[in-house]
Structure formats: structure tokens, C-alpha cells
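Per our numbering, the sequence shown starts with residue 61, numbered consecutively.
Glycine included, every Cβ here is placed at the ideal spot set by N, Cα and C.
These figures come from a predicted structure and were not determined experimentally.
To keep things clear, I will list the structure first and then write my remarks on it.
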Amino acid sequence: MVRSLRKRLNEILIEGKVITKEQLKKALEIQDKEGGRLGQILIKLGFISEKDLLACLSQHLNIPPINLSRYKINPEVLKIVPEHVSRHYQLIPVSKVGKTLTVAMADPLNIFAMDDIKVMTGYNIDPIITTSEEILDAISKYYTPWGTMEDAIKGADLNVVAAPTAEEKLDLDQLMKEVEEAPVIKIVNLILGEGVKKKASDIHIEPFEDKVRVRYCIDGVLHETISPPKQLRPAIVSRIKILSRLDIAERRLPQDGQFKIKVAGREVDFRVAIIPTAFGERVTLRILDKASLTLDLAKLGFSKEPYGTFSEAITHPYGIILVTGPTGSGKTTTLYSALSKINTPDKNIITVEDPVEYLLDGVNQIQINQDIGLTFASGLRSILRQAPNVILVGEIRDGEAADVAIKAGLTGHLVFSTLHTNDAVGAITRLIDMGVEPFLIASSLVCVMAQRLARKLCPDCRESYKASAEIMDKYGFKKEGGKDLVLYRPRGCPRCSNTGYRGRFAVVEAFSLSEGLKNMIVQRAPEVDVKNKTIQEGMVPLRQCGLRRVKDGTTSLEEILRVTA
Numbered sequence: 061m062v063r064s065l066r067k068r069l070n071e072i073l074i075e076g077k078v079i080t081k082e083q084l085k086k087a088l089e090i091q092d093k094e095g096g097r098l099g100q101i102l103i104k105l106g107f108i109s110e111k112d113l114l115a116c117l118s119q120h121l122n123i124p125p126i127n128l129s130r131y132k133i134n135p136e137v138l139k140i141v142p143e144h145v146s147r148h149y150q151l152i153p154v155s156k157v158g159k160t161l162t163v164a165m166a167d168p169l170n171i172f173a174m175d176d177i178k179v180m181t182g183y184n185i186d187p188i189i190t191t192s193e194e195i196l197d198a199i200s201k202y203y204t205p206w207g208t209m210e211d212a213i214k215g216a217d218l219n220v221v222a223a224p225t226a227e228e229k230l231d232l233d234q235l236m237k238e239v240e241e242a243p244v245i246k247i248v249n250l251i252l253g254e255g256v257k258k259k260a261s262d263i264h265i266e267p268f269e270d271k272v273r274v275r276y277c278i279d280g281v282l283h284e285t286i287s288p289p290k291q292l293r294p295a296i297v298s299r300i301k302i303l304s305r306l307d308i309a310e311r312r313l314p315q316d317g318q319f320k321i322k323v324a325g326r327e328v329d330f331r332v333a334i335i336p337t338a339f340g341e342r343v344t345l346r347i348l349d350k351a352s353l354t355l356d357l358a359k360l361g362f363s364k365e366p367y368g369t370f371s372e373a374i375t376h377p378y379g380i381i382l383v384t385g386p387t388g389s390g391k392t393t394t395l396y397s398a399l400s401k402i403n404t405p406d407k408n409i410i411t412v413e414d415p416v417e418y419l420l421d422g423v424n425q426i427q428i429n430q431d432i433g434l435t436f437a438s439g440l441r442s443i444l445r446q447a448p449n450v451i452l453v454g455e456i457r458d459g460e461a462a463d464v465a466i467k468a469g470l471t472g473h474l475v476f477s478t479l480h481t482n483d484a485v486g487a488i489t490r491l492i493d494m495g496v497e498p499f500l501i502a503s504s505l506v507c508v509m510a511q512r513l514a515r516k517l518c519p520d521c522r523e524s525y526k527a528s529a530e531i532m533d534k535y536g537f538k539k540e541g542g543k544d545l546v547l548y549r550p551r552g553c554p555r556c557s558n559t560g561y562r563g564r565f566a567v568v569e570a571f572s573l574s575e576g577l578k579n580m581i582v583q584r585a586p587e588v589d590v591k592n593k594t595i596q597e598g599m600v601p602l603r604q605c606g607l608r609r610v611k612d613g614t615t616s617l618e619e620i621l622r623v624t625a
């Protein structure tokens, strides 16, 4: 086993005809220049998928693969290898027999890791192979420092800090005492940690007459979890206020704040919004995890046509590019990705946002502050004096901001912004409603894109079925080669928390302004006629774009019907 493990990865891949010699040469050049593991470089370059890499290694090294999501690890075995060691080497112990420790590894060729584990534990190491994603998921699942909600409330005094009415005086001394007690701190840490572990975008803590409800927004859908006792609700909310440096005595007015915590060795930002309700304060926490942020347009899941339209538009020297969609549809991520793609040392890029969600290297970002009069319109006017090449306006909310953005696009600046509309063509109607003259829209607008986020089917548990004649006729599906059309639907497994879905992708429609469209805008043509014209010129509508991903098995028909109209 040891001799075979020392065999070089490049030899295995070439012998297995998984990659070409030219691809290997390019990857080795990058490794010599930047360092890193050869396998990860090949995956990053797109020469091989991680699953194909592991299948090749498993076959050539005679190392069995394992699906960790379907395997339950004994807690006693986990204690043998500390969490920081597991994370450093991307491995996790799964079983122990006598003096042999079986370890799941993402890189079974890492002899140094096995030698270190052997010296540290005193066990002989028997490697098995799995993906790095499964390793990290298992580490987050089994090495959790927060425990369970039941563990967290043990020893808590459930007669503390009864929720006062708005007229009653809050006992701040008593509340502060309870906030600093271990059970409350553990419960808040558990709620926050679970949100990060589940890759939630938001956490909702909601008060009701007889309970406190905690829900996580995962892939755009809310999921309820085990909730803390209602008696602890004021202390939990106050603990979050203290973390956010908010006023714990103020319970009648909305408050906004933010804080950072370290989870699994990385910093995670939380944006906090608190509002008063009939039964107490409701807390919403937006999770901003930089580790999960993808700022690569090519990896956002765009279809071929809108990707080409948008990619070409962002190379324009001036004009306005709009991304539309409802809250939570990924507009900001798309705009950040576009900025990252065109961010070069010769460009002066400035943004005005509310809020600044992620800090971008080399980009000057301004936070809106309505209380002191720093609005999108006033901020945009100010940054025009800084001679920017590219401007990002977080959102065009009113006619004043729209007017300044339009004029900036006409005077040599490339302007990115967002609007809340149902589809791409609706952006034109919305701008006209704000008071922008149609001829200014036609002169400044370069491209409009509308997007939604749809959930991907879990690849480990999705199940296939034959599409009925009714479905094929209703949604325009066609048989290929006379064969029945096979679609997929969710089933649920431990890997996807029994939802049937894991991860999301963008469903997008986009069009650029042709001369024909510009004439229609100036003539105030009906929205339906403008939309028909964009489709004639090659725009694939949102629903149609989504149905393509249903056909290729990426998602389910029900999911696309949910997110598109």
C-alpha cells in the first residue's frame, strides 16, 4: 500500500488517460509558479472533475471510496484526531479496529498527513477516499462546538426575564445578568453556528404568544428548527443586541447593527435587523460568509445566451447595465462578479451601496447613511467628482437617483445598478414611471438582465421519472430520438437535510439595446411589444431558461415553476 501511495499523481492520471500531457504540463507550470496541490489545480482549470479524479485514484491505488453523508461516525473515534488537524489535512477518522484507524481523505497521496496522524495517534492508518466537500461537511457536522439546543438549555432558569409589555419597565440589571449566563450564550452561539453550518442566508427569530420560532433560510426556502424556550427570548435578543452594540433598553423602535464571529477558523459577518412586534422583538440576521461567496461569472450557472450578452455588455466603456429581480435573487453577487472581472489597476471603480455586503479588493465602497443625508443620489453626485471609470449604485430607488445614474452613463462612465422588476423589459417601464425621459433611456442603457435563484437537485438522491404527454405538451418538451423524456424530482437524504435540493444556480434572461429596441423605447411602445422584440432578437425568457435546466436534470419542474412566472 505504501509503495502504491507514493506513485505520483501525474503518472496515474496519464496512465488512466484522464488528462492529456498538454493539460498536465499547464497544471505543473501553475503549480511551480503558485504552489498548491496538483489535483486541485487540475480541477480549478476544468480539466477534470473531483469525482472523476477520486474514481481514478480509487481504481489505481486500490483504495475504497466512501459516501460520508450515509455513514455515521462514532463520537469516540472522532476524539482520536483533533478538529484542527482534520481541517488542516482535509481528513476525518471514521472507524477503529484494534490498532488500525480508518481515515477518510480527500488526498490519499498525502503521505505526510498519514505519517503525522500515525505518530500523533499511535495507530496504523488505513486510508479511504472521498471528496473534499464531503470531508468539510462531515467536519462541520461532527466537530460542532455548539452541541444541541437541549444541551444548551440545561441548567437554565426558565423563570427569568418574563417578556414585559411596551408599557412595563424592563429590569436591565436582571436582564444583563441573564444575558451573561452560560445557557443564553450557548443558545445564541448554537443558533448562529447552525446557520453557518447549514449554509443559510438568513436566520429569523420570531416571537409569538406561546413560543419563539427560529427559522433558517436555506437556498431561498425557510426551514423551522428546534426553538429555545419562550422565557429566554428577551435574554437571547439582548445578547444579539450586545454583540451588535445596540441599545438593549430600546424595545419600541427598529434597530440595525452588525457583528462578526469566528466559525471553523474563519470570520463570518452578520447583519442584524430588529423590529418590535405584538409579542416582542423580531430579529433577522443576514449571514455574509466570504468563504461561500463566488465572484466568478462563469460559475454562477448562467445559460449560454445571457452569459454572452452580459459578458459583452460589461466591456463597454460607458452606459448603464441593470440587473433586476426580487430581494434575495442574487443581484448583488452578479454585480460584484462583474466588477471583479473588469477590476484592473488601470480602472477607478467606486460603489455606493446600502449596505456594503462584501469588501472588494481594489474597489472603493461607500455605505449609504440616510440619517445624515447620504443617499444614493447624493453619494452618486459626490463620487462623480472622483473621476471614476466604473460606478456601482446599489439600487435605483427613486427618480432623483435614476436621473443622476442616467446622466453618469451618458458622460463616459460605466454604471451598474439594480431595480426591483418582474422581468428584464420591466426595467424600461419602471424607469419611465420614475420620470426618466425615454430618449435618455434609449441613449444610455446598454444591457438589462433579470434573474432568479433556483435550487439544484441533490445529486445523491434525485430520482428520475418519465414525463407525461400532458407535461411535455404544456411546457413544450420534445422527445429526442423517439425516446421518452426523463426528468428528475427531489427525494431527500442526509446530505441535503432531506430537502432533495443542495445549492442554487441563476436563472437569467438578458438583452442588449439594438437600434430597433431604442426606437421602440423612444416611441413609448407597449411593454409586451418590446418584450416580443427582445425575444425575436435572441433573448431566452426566464421560464424557458429554467425549463432547459429541468430537461438537463439540474433542477425539478416544480422548482422552476416556483421561481419563474
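Within a Cβ cutoff of 7 Å, which residues of the same chain sit near H376, ignoring the five residues on either side of it in sequence?
The residue labelled residue 376 in the question sits at position 316 within the sequence shown. For H376, where only same-chain residues beyond five positions count, the Cβ hits under 7 Å are L474, V506.
Between which residues of its own chain and L138 is the CB-CB distance below 6 Å, once the five residues before and five after are set aside?
Taking the sequence shown and counting its residues from 1, one reaches residue 138 at position 78. Correct list, in chain order: Y202.
Tell me which residues share the same chain as K591 and place their Cβ nearer than 7 Å to its Cβ, disregarding the 5 neighbours each side in the sequence.
If you number the sequence shown from 1, residue 591 lands on position 531. V485, listed in sequence order.
By the 10 Å Cβ neighbour count, where 16 or more other Cβ atoms means buried, how is I362 classified, buried or exposed?
The residue given as residue 362 occupies position 302 in the sequence shown. Note that residue 362 is Phe in the sequence shown, not Ile. F362 is buried by the Cβ-count criterion.
According to DSSP, simplified to helix, strand and coil, what is F339?
Here residue 339 refers to the residue found at position 279 when the sequence shown is read from its first residue. In the structure shown, F339 sits in coil (DSSP, three-state: anything other than H, G, I, E or B).
Alpha carbon to alpha carbon, how far is L98 from I432?
Walking along the sequence shown from the start, residue 98 turns up at place 38. Walking along the sequence shown from the start, residue 432 turns up at place 372. Straight-line Cα distance between these residues: approximately 52 Å.
Tell me which same chain residues have a C-beta within less than 8 Å of the C-beta of I152, skipping the five on either side of it?
For this step, residue 152 is matched to residue 92 along the sequence shown. Closer than 8 Å at Cβ, skipping near neighbours: L128, I133, L138, V141, S146, V163, A164, I195, A198, I199, Y202.
Does DSSP put V383 in a helix, a strand or coil?
Along the sequence shown, one-based indexing puts residue 383 at 323. The answer is strand: DSSP assigns V383 an E or B state.
DSSP three-state call for H264: helix, strand or coil?
Your numbering for residue 264 matches position 204 in the sequence shown. Residue state, collapsed to three classes: strand.
Candidates L470, F330, E497, T489, of which the one nearest E417 by Cα
Counting from 1 along the sequence shown, the entry for residue 417 is found at position 357. Comparing Cα positions, the closest option is F330.
Got a sec? Which residues, its chain only, sit under 8 Å from M532 by beta carbon, not counting five neighbours each side?
By one-based count along the sequence shown, residue 532 stands at place 472. Counting only Cβ-Cβ distances below 8 Å, and skipping sequence neighbours, we find K538, K539, L545.
Continuous beta strand (DSSP E) stretch holding D186: start and end
Numbered from 1 along the sequence shown, position 126 holds the residue referred to as residue 186. Element bounds for D186: 184-189.
Between I247 and P187, which are expected to be in contact by the criterion C-beta below 8 Å, what is the C-beta distance as a whole number of angstroms?
The residue you call residue 247 lines up with position 187 of the sequence shown. The residue you call residue 187 lines up with position 127 of the sequence shown. In fact, because the Cβ distance is near 39 Å, the residues do not count as touching under 8 Å.
What first and last residue would you give for the alpha helix (DSSP H) that runs through C605?
On the sequence shown, position 545 is the one that residue 605 refers to. Counting along the chain, the alpha helix (DSSP H) containing C605 begins and ends at 602-611.
Tell me which same chain residues have a C-beta within less than 6 Å of the C-beta of C553, skipping the five on either side of it?
Walking along the sequence shown from the start, residue 553 turns up at place 493. For C553, where only same-chain residues beyond five positions count, the Cβ hits under 6 Å are D520, C521.
Quick one: is K159 buried, meaning 16 or more other Cβ sit within 10 Å of its Cβ, or exposed?
Counting from 1 along the sequence shown, the entry for residue 159 is found at position 99. Looking at its Cβ environment, which holds fewer than 16 other Cβ atoms inside 10 Å, K159 is exposed.
So is S528 buried or exposed if we call it buried at 16+ other beta carbons inside 10 Å?
By one-based count along the sequence shown, residue 528 stands at place 468. Label assigned to S528: exposed.
Provide the residue span of the beta strand (DSSP E) that contains N424, from first to last.
Mapped onto the sequence shown, residue 424 falls at position 364. Per DSSP, N424 belongs to the beta strand (DSSP E) from 424-427.
DSSP three-state label for S477, please.
Numbered from its first residue, the sequence shown carries residue 477 at position 417. Correct three-state label for S477: strand.
Does the Cβ-Cβ distance between L114 and I185 come in under 8 Å?
Here residue 114 refers to the residue found at position 54 of the sequence shown. Here residue 185 refers to the residue found at position 125 of the sequence shown. Cβ distance not < 8 Å, so L114 and I185 don't count as in contact.
Assign S442 to buried or exposed, taking buried as 16 or more other Cβ atoms, counted over all protein chains shown, within 10 Å of its Cβ.
Here residue 442 refers to the residue found at position 382 when the sequence shown is read from its first residue. Under this definition S442 is an exposed residue.
Please classify T354: is it buried, with 16 or more other beta-carbons within 10 angstroms of its beta-carbon, or exposed?
Here the question's residue 354 lines up with position 294 in the sequence shown. Classification of T354: exposed, given that the 10 Å Cβ count is below 16.
I'd like to check one pair, I456 with L479: are the Cβ atoms closer than 8 Å?
One-based indexing of the sequence shown puts residue 479 at position 419. One-based indexing of the sequence shown puts residue 456 at position 396. Yes, they are a contact pair.
Could you check how far apart the C-beta atoms of V332 and D307 are, in whole angstroms? I think they sit under 8 Å.
The count along the sequence shown starts at 1 and reaches residue 332 at position 272. The count along the sequence shown starts at 1 and reaches residue 307 at position 247. Not quite, the Cβ-Cβ distance comes to about 13 Å (not below 8 Å), so this is no contact.
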